[in-house]
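Trainee:
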Amino acid sequence: MNNTLSPPAASPPRRTIEIVNRSLKRRYRAERRFRFYGLLAIMLSVLFLALLFASIVGKGYSAFWQTSIRLAIFFDPEVIKKDTLVNADYAALVRESLFKRFPQVEERQDKRQLTSMLSSGSVYRLRDMVLQDPDLVGKTAEVWLPADDDMDMLIKGHFRRDLPESERRVSDKQIAWIERLEAEGRLERRFNTMFLTAGDSREPELAGIWGAVSGSFFTLVITLVLSFPIGVAAAVYLEEFAKKNRWTDLIEVNINNLAAVPSIVFGLLGLAVFLNFFGLPRSAPLVGGLVLTLMTLPTIIIASRSALTAVPPSIREAALGVGASKMQMVVHHVLPLALPGMLTGTIIGMARALGESAPLLMIGMVAFIVDIPKGFTDSATVLPVQIYLWADSPERAFVERTSAAIMVLLAFLVVMNAGAIILRKKFERRW
Amino acid sequence: MKKAVIFSMVTALVMATVAAVQAQQRDGISIVGSSTVYPFATVVAEKFGKAGTFKAPKIESTGTGGGFKLFCGGVGIQHPDISNASRAIKASEFEACRKNGVTDIVEVKIGYDGIVVANSKKTPALKLTSKDIFLALAKEVPDPKGGENLVANPYKTWKDVNASLPNVKIEVLGPPPTSGTRDAFIELAMEPGALKFEPLKKLSKEDAKKFTKLFSSIREDGAYIEAGENDNLIVQKLGANPNALGIFGFSFLDQNTDKIQGSFVDGNQPTFENIASGKYPLSRPLFFYVKKAHVGVIPGIKEYLAEFTSEKAWGKDGYLSEKGLIPMPDAERKQVAENVKATKAMTEVK
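Here the protein sequences come in this chain order: A and B. Position 233, counted from 1, in the first sequence is what numbering that gives the first Met the number 0 calls 232; the numbers after and before it change by one each time, with no gaps. Position 257, counted from 1, in the second sequence is what numbering that gives the first Met the number 0 calls 256; the numbers after and before it change by one each time, with no gaps.
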């Protein structure tokens, strides 16, 4: 073999540095690829998240505005008598005002179409005004009344005006009236306070999420009050006091198992135990909270235990060394250090409980409830259930309301999870 | 010591709450049952509640069968007062009710609901017969080559089924087996369709059980797609796929007339008028059932019944018809309203 003539690349490398140099390029390439895969994974997740948000916000933002019509209402003392303030025929006032504004409408059919442009909820709006201020009777006032959901959809562009009349839910005449009202400045998209303050309704323009938000609040209060102390106590006992034997192993396996059990199972358990055995009321946040407590307990116990194991043994030994009892060691030293981690776990568990609807199905919290719950035993529903119910409603206007309700739920979840992160960042200590 | 006191106080408090809750009187009506009646019952409940005298009833959509199970659980505030149903109560359910002490039940028929077979407006409306529907959707059909044999459904396109139909793939989105809509669809469309065939007609007389199994088995080879209980989803999918058909309640067609259209069935399109007059074959009565023992105990039941059976609710121009409920003829409404007023309990299941 002639060594001098052969190119250096072909000769087998002899020194280590040569071997390294040869493979260096390949290794750099592999590293770049590896990083790129990671980046790609993150970008994909961000993309999906962005798509989700875009589709929900894009569909839902318009629900925060509601088409309203301004009418001059004469609170006729003939209609509203002193003793019938509550159940006077307020619809007649609306009709009267509309017919005065459109005197050319005479046929019965047309009159029906005209009155149907306003929401049936305008009656309650007027009633509440009079109940608040009985002096209104006999006076005329300009009042913004909510428009019917079909008109609202037309104004928001969800119904096309160029379709033949038979194929849309708004007639030609109604469009003409709408356009006239718009020209006169009597029709406007106003901020939809109803959506944030009202309970559920079958009329989209009157439906609000406050009922569901209060239901979620009462349910979560019960869940928090029960699951946090129980979870922390269980974790402290298992981690600090219990002997390591077969029994504790068995308990640990069961807790880990429970964390993975499908949530509907907890609903079935709740039905059998809390409703059928204890006879607690159906659809009450009390029972919902109990069921969700069962569901979040394993999460909290597991998080709390890992927070406890993260506290270095030296702290314990030092406490015992200066003469603290075991309880003093736990309460004065270990628990304060582990608490941020426990709180984080609890908040994450709560966030999961907030988004849960399946276990509540079995205990009757998936229901149509108009009244806003005022306590732990009132019938109530929760946010995810409200979303589910609206998604299932035939009226078109519920599409945007469903998305808007999802936005509200997401906002709560983001706040809770951000709270968990802030807590961790602020109080977490690393050793 | 201090801790023991706190502990015992907490325990006492919990016990007291439980006892208080148990003893509490329910002040609102509790309603369960069919998801088809749900959109109508909720409207009445809301109006009733907003009128101000009583609390708005709480309505759970549990499905007809699930509703009866709860309703027949017994008498007492922990059991619901009213059960909505998209079919009449079955003898077995009535029996179960009696066993648990629910002896007096008032049946209230509220009107009709149409089941539509709809497609996107981008393609022309189909003109179907119940025979076509049976041939397109049954798991087993009579051999197209003749004879009395049953074969696995060979039809791939609507044209295969009936030469006058367009040459597009059979693709039907419909409710799952747990749905009352599917039960009604099978009873109203598949059974009459099957009876159009002589051999099957003979079979229905000879072996009713086998016949029932035949017409109620929907094909599972992908032509029929179970779309879940969410009718809105089906409507959306029809918009995206102009060749597909969907099966759902009339109120969803009524709300989406700009996007979808109902197919003709046996010569009639599902319009409000056609369903009310009985010309459109796929329509079924809707009911609710009231526990008589609760009337007068739970406040507001009588008044809720009066609201539901008033002309402004279930009448021809009532607010329920705006939501898609097809009213009963005048005489029938009057009859039912009178029964309700007298809270006349049913004596047996027809």
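Backbone N, C-alpha and C fix where the C-beta goes; we use that ideal spot for every residue, glycine too. Given the structure is predicted, the values throughout are model-derived calculations rather than measurements.
Counting beta carbon pairs with one atom in the stretch 306 to 323 of chain A and one in the stretch 335 to 343 of chain A, are three or more of them shorter than 8 Å?
Mentor: Touching, per the Cβ criterion.
Trainee: Three-state secondary structure (DSSP) at Ile314 of chain A?
Mentor: Note: Ile314 of chain A maps to helix in three-state DSSP.
Trainee: Step through the CB atoms of chain A and report whether any lies within less than 8 Å of the CB of Phe263 of chain B.
Mentor: Taking Cβ atoms only, chain A never reaches closer than 8 Å to Phe263 of chain B, which makes this a no.
Trainee: For Lys425 of chain A, which three-state DSSP category applies?
Mentor: In this structure, Lys425 of chain A counts as helix in the three-state DSSP scheme.
Trainee: Return helix, strand or coil for Tyr154 of chain B, following the three-state DSSP convention.
Mentor: Residue state, collapsed to three classes: coil.
Trainee: Are the CB atoms of Asp148 of chain A and Glu394 of chain A within a distance shorter than 8 Å?
Mentor: It is a contact, given that the beta carbons lie within the stated cut-off.
Trainee: On the three-state DSSP scale, how would you describe Ile76 of chain B?
Mentor: In this structure, Ile76 of chain B counts as coil in the three-state DSSP scheme.
Trainee: I'd like the list of long-range same chain contacts for Gly363 of chain A, defined as Cβ closer than 6 Å, with 5 residues on each side in sequence excluded.
Mentor: Only Arg281, Ser282 meet the Cβ criterion.
Trainee: If we ignore side chains and look at the alpha-carbon of each, how far apart do Ala22 of chain B and Gly278 of chain A end up?
Mentor: Note that Ala22 of chain B has pLDDT 47, beneath the 50 cutoff, so the model's placement of it is unreliable and the number below is only indicative. In a straight line, the C-alpha of Ala22 of chain B is about 10 Å away from that of Gly278 of chain A.
Trainee: If you reduce the DSSP assignment to three classes, tell me which class Ala22 of chain B lands in.
Mentor: Confidence is the limiting factor: at Ala22 of chain B the pLDDT is only 47, short of 50, which leaves the residue's position unreliable, though a coordinate-based value still follows. Ala22 of chain B falls in the helix class under three-state DSSP.
Trainee: Relative to the alpha-carbon of Ser313 of chain A, which residue among A:Val329, A:Thr298, A:Ser303 has its alpha-carbon at the smallest distance?
Mentor: Looking at the Cα atoms, A:Val329 is the closest of the given residues.
Trainee: Would the stretch 228 to 245 of chain B and the stretch 98 to 107 of chain B be scored as touching if the rule is three or more Cβ pairs under 8 Å?
Mentor: No, the stretch 228 to 245 of chain B is not in contact with the stretch 98 to 107 of chain B.
Trainee: Taking only beta-carbon positions, decide if Gln254 of chain B is within less than 8 Å of chain E.
Mentor: This model lacks chain E altogether, as its protein chains are A and B.
Trainee: How about the stretch 199 to 206 of chain A and the stretch 381 to 400 of chain A: do they share at least three Cβ pairs that are nearer than 8 Å?
Mentor: Judged by Cβ distances under 8 Å, the stretch 199 to 206 of chain A makes contact with the stretch 381 to 400 of chain A, as three or more pairs qualify.
Trainee: Between Ala124 of chain B and Phe251 of chain B, what straight-line distance do the alpha-carbon atoms span, to the nearest angstrom?
Mentor: Between Ala124 of chain B and Phe251 of chain B, the C-alpha separation is close to 17 Å.
Trainee: Leaving aside the five residues before and after Ala87 of chain B along the sequence, list all residues of the same chain whose C-beta is less than 8 Å from its C-beta, in chain order.
Mentor: Excluding positions up to five away in sequence, the list reads Glu106, Pro284, Phe286, Val348, Lys349.
Trainee: Can you tell me which of the three DSSP states Glu127 of chain B falls into?
Mentor: The question names Glu, but residue 127 of chain B is Leu in the sequence shown. Here Leu127 of chain B sits in strand by DSSP.
Trainee: Using the Cβ count rule (16 or more neighbours within 10 Å means buried), how would you classify Ile41 of chain A?
Mentor: Exposed: under 16 other Cβ atoms inside 10 Å.
Trainee: What residues are listed by DSSP as bridge partners for Arg26 of chain A?
Mentor: Beta-bridge pairing links Arg26 of chain A to no other residue.
Trainee: Considering just the uninterrupted stretch of the beta strand (DSSP E) at Pro284 of chain B, what are its terminal residues?
Mentor: From DSSP, the beta strand (DSSP E) with Pro284 of chain B extends over 282 to 290.
Trainee: Taking three-plus beta-carbon pairs below 8 Å as touching, is the stretch 132 to 143 of chain B in contact with the stretch 191 to 209 of chain B?
Mentor: Yes: at least three Cβ pairs fall under 8 Å.
Trainee: So with CB distances below 8 Å, who are the chain B contacts of Glu394 of chain A?
Mentor: Within chain B, the residues near Glu394 of chain A are Gln254.
Trainee: Against chain A, with Cβ distances strictly below 8 Å, would Gly32 of chain B count as a contact?
Mentor: It does not: the Cβ of Gly32 of chain B has no partner Cβ on chain A nearer than 8 Å.
Trainee: Please report the straight-line C-alpha distance between Pro33 of chain B and Thr298 of chain A, rounded to a whole angstrom.
Mentor: First, the residue type needs correcting, since residue 33 of chain B is Ser and not Pro in the sequence shown. Taking the straight line joining both Cα atoms gives about 36 Å.
Trainee: Spell out the partners DSSP gives Ser115 of chain A in its beta bridges.
Mentor: In the DSSP output, where bridge partners are listed per residue, Ser115 of chain A has none listed.
Trainee: Taking Cβ-Cβ distances below 7 Å as the criterion, which residues of the stretch 363 to 378 of chain A are in contact with chain B?
Mentor: The residues in question are Gly363, Val365, Ala366, Phe367, Ile368, Val369, Asp370, Thr376, Ser378.
Trainee: Flag Val290 of chain A as yes if its beta-carbon sits less than 8 Å from any beta-carbon of chain B, otherwise no.
Mentor: No, no contact with chain B.
Trainee: Does the ligand NAP have a heavy atom nearer than 7 Å to the CB of Pro163 of chain A?
Mentor: Among the components of this structure there are no ligands whatsoever, and the ligand NAP is therefore not found.
Trainee: Relative to the alpha-carbon of Ala341 of chain B, which residue among B:Lys144, B:Glu302, B:Ser216 has its alpha-carbon at the smallest distance?
Mentor: Ranking B:Lys144, B:Glu302, B:Ser216 by Cα distance to Ala341 of chain B puts B:Glu302 first.
Trainee: Determine, using beta carbons only, whether Tyr89 of chain A comes closer than 8 Å to chain B.
Mentor: Closer than 8 Å: no.
Trainee: Under a CB-based cut-off of 8 Å, is Leu92 of chain A close to chain B?
Mentor: No, Leu92 of chain A lies away from the interface with chain B (no Cβ there is under 8 Å from its Cβ).
Trainee: State the start and end residues of the unbroken alpha helix (DSSP H) segment that holds Ala182 of chain A.
Mentor: Start and end: 171 to 182.
Trainee: Starting from the C-beta of Trp389 of chain A, find all residues in its chain whose C-beta is less than 6 Å away, skip the five residues before and the five after it, and write them out in chain order.
Mentor: If we look at Trp389 of chain A and ignore the five residues flanking it on each side, its Cβ neighbours are Phe397, Arg400, Thr401.
Trainee: For Leu288 of chain B versus Ile104 of chain B, is the C-beta spacing smaller than 8 Å?
Mentor: Just to set this straight, residue 288 of chain B is Tyr in the shown sequence, not Leu. Contact: yes.
Trainee: Compare the C-alpha of Phe93 of chain B against each of B:Phe67, B:Asn83, B:Asp112, B:Ile114 and name the closest.
Mentor: Of B:Phe67, B:Asn83, B:Asp112, B:Ile114, the residue nearest in Cα terms is B:Phe67.
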